[in-house]
Amino acid sequence: MSAGPNTPGALRHVLGHLLTPLLMCVGMGLAYLGAFHAPAPDHLRVDVVGSGPSARVLAQTLQDEGAGALDVRTVADRGDAVTALRERSGFGAFVPGAHPELLVASASSDTTAMAVEKVFTEVAAAQDAPLKVTDVAPLSDGDPTGQGVFFLLVALSIGSYASVAVIGGAGAVLPMRVRALLAAGMSLVVSLVGALFAGPVFHLVDRGLGGLWAMAWLYSAGILLIGVGLHTYLKRWTTLGVMVLFVMLNFTSSGGIYRPELQPGFFASLHAFWNGAGFVEGARAHVYFDGHALGGHVLVLLLWFLAGVALMVAAGVTEARRAHAAPPRHAARPVHGAADRAVPERAEEVEPTGPTGTAGTPGAVQRADRTGAAEGAEEEMEEAVGV
């Protein structure tokens, strides 16, 4: 049996759409494996407590043997070391002596605290002394690994960028101001769901839930506004675009699994200004570190939000210009003779036979246009949900 007349076109259509998941596969592999496959310290700031010659010798020895892995300094006393940990300018402090002690702040990053503990366990073992570990900023009981905030980030991100496909695709016929209101409303819903997960449901945080919700809303709104604005320009490639921005580059640079001190330079550099890092580090600062440096992280979220507002405005202007420049859809054609018959430009303009056949009427054309738009929106949403 031979293939139907539409088979080649349908096959090209499917192959064209398979390009998107293929690019997602390649992008996710490069991003996640590139960021997480071999975590190793890179200029990780640690302190040695003491001002005498032995403390300075130990600090210099660790610095030299680390070959760039550690950034070792000395501090005068234990109080200064605790302050550095509470201000997140250091990630471990070793107090040498007959009973050595290691100070860490697991709330800053549990994986970083583990990396520091591994280093100084070996130092204490070389001195044949057991190491006491003191956590000066412990995590909440509901988030013992400290990665609950990261998985909250994942939930917020998926709820936000999947909504972009719906608002940008199925809602493309709506005015831009209506889409902007839908984006703001959906970000509110997503952030409230996130606050429920963080508080009453899983108890990821035991204080500061209101501030966490505010940052969740700002984070979600930024994604939705940027995504809906991008849809005007990227169309069906919007899903891939927001995946690159808010999954591939976002999750890997957020610091939720590994802080930048344990990552390659590219992802470490993104940590300074990407929105996921703004949320994760802002949540940590707000909940565990008395708001120290919180303003900088909130500023990052605010700038992404403002970028989304600007992109929505630009998209609205672009759509208005396109609508103004577009020719009428059903312009009258000149008739050159009585025997001449106008040839329809599109298949939906051909009038079928039959007493009720009116496919060439404006209403039928509009229905065909809406059907085509709905099919395109459905394909886009399927791609988003499939990810």
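Going by this note's numbering, the sequence shown opens with residue 4, and the numbers climb by one from there.
Idealized CB from N, CA, C, for every residue including glycine.
Opposing strand residues paired with R76 [DSSP bridges]: Reading the sequence shown from its first residue, position 73 is the one you call residue 76. Note: R76 sits in a beta bridge opposite D50.
Of the listed residues M218, L88, R239, nearest to L21 (C-alpha basis): One-based indexing of the sequence shown puts residue 21 at position 18. Minimum Cα distance to L21 is reached at R239.
Since A288 and L297 should fall inside the 8 Å C-beta cutoff, what is the C-beta to C-beta distance between them, to a whole number of angstroms? Within the sequence shown, residue 288 is the residue found at index 285, counting from 1. Within the sequence shown, residue 297 is the residue found at index 294, counting from 1. 4 Å between Cβ atoms; contact.
Using three-state DSSP, classify L177 as helix, strand or coil. Start at 1 with the first residue of the sequence shown, and residue 177 comes out as number 174. Here L177 sits in coil by DSSP.
Please identify the residue among T241, P263, T321, D293 whose C-alpha is closest to the C-alpha of M27. By 1-based counting over the sequence shown, the position of residue 27 is 24. Measuring from the Cα of M27, the nearest candidate turns out to be T241.
At which residues does the beta strand (DSSP E) containing A96 begin and terminate? Taking the sequence shown and counting its residues from 1, the one referred to as residue 96 is at position 93. A96 -> beta strand (DSSP E) spans 96-98.
I'd like to know whether the C-beta atoms of A219 and F308 end up nearer to each other than 9 Å. Along the sequence shown, one-based indexing puts residue 219 at 216. Along the sequence shown, one-based indexing puts residue 308 at 305. In this structure, F308 does not lie closer than 9 Å to A219 by Cβ.
Residue nearest to G46 in terms of C-alpha spacing, selected from Y222, E68, G37: Position 43 of the sequence shown holds residue 46. According to the sequence shown, residue 46 is His rather than Gly. Residue E68 is the option with its Cα nearest to H46.
One or two residues paired with T255 in a DSSP bridge: Working through the sequence shown from its first residue, we reach residue 255 at position 252. DSSP, once it has assigned bridges, lists no residue as partnering T255.
Same chain, Cβ closer than 7 Å to M31, five either side skipped, listed in chain order: Taking the first residue of the sequence shown as 1, we reach residue 31 at position 28. Same-chain partners within the cutoff: M251.
Please name the residue in Y261, L106, I260, L248 whose C-alpha comes closest to that of W277. Start at 1 with the first residue of the sequence shown, and residue 277 comes out as number 274. W277 has its Cα closest to that of L248, out of Y261, L106, I260, L248.
In whole angstroms, what is the alpha-carbon distance linking S223 and M246? What you label residue 223 is simply residue 220 of the sequence shown in a count that begins at 1. What you label residue 246 is simply residue 243 of the sequence shown in a count that begins at 1. Roughly 14 Å between the two C-alpha positions.
When the Cα atoms are used, what is the spatial distance from T77 to R91? On the sequence shown, position 74 is the one that residue 77 refers to. On the sequence shown, position 88 is the one that residue 91 refers to. Cα-Cα distance, rounded: 16 Å.
State the start and end residues of the unbroken alpha helix (DSSP H) segment that holds D113. As a working note, residue 113 is residue 110 in the sequence shown. Unbroken alpha helix (DSSP H) run through D113: 113-129.
With a 10 Å radius around its C-beta and 16 neighbouring C-beta atoms as the bar for buried, classify M117 as buried or exposed. As a first step, residue 117 must be located in the sequence shown, where it is residue number 114. Per the 10 Å Cβ criterion, exposed.
For T114, tell me which candidate among L199, G285, G149 has the shortest Cα-Cα distance. Against the sequence shown, residue 114 aligns to sequence position 111. When only C-alpha atoms are compared, the closest one is G149.
Measure the C-alpha to C-alpha separation of A43 and F154 and round it to an integer number of angstroms. The sequence position of residue 43 within the sequence shown is 40, counting from 1. The sequence position of residue 154 within the sequence shown is 151, counting from 1. Cα to Cα, the separation comes out at about 22 Å.
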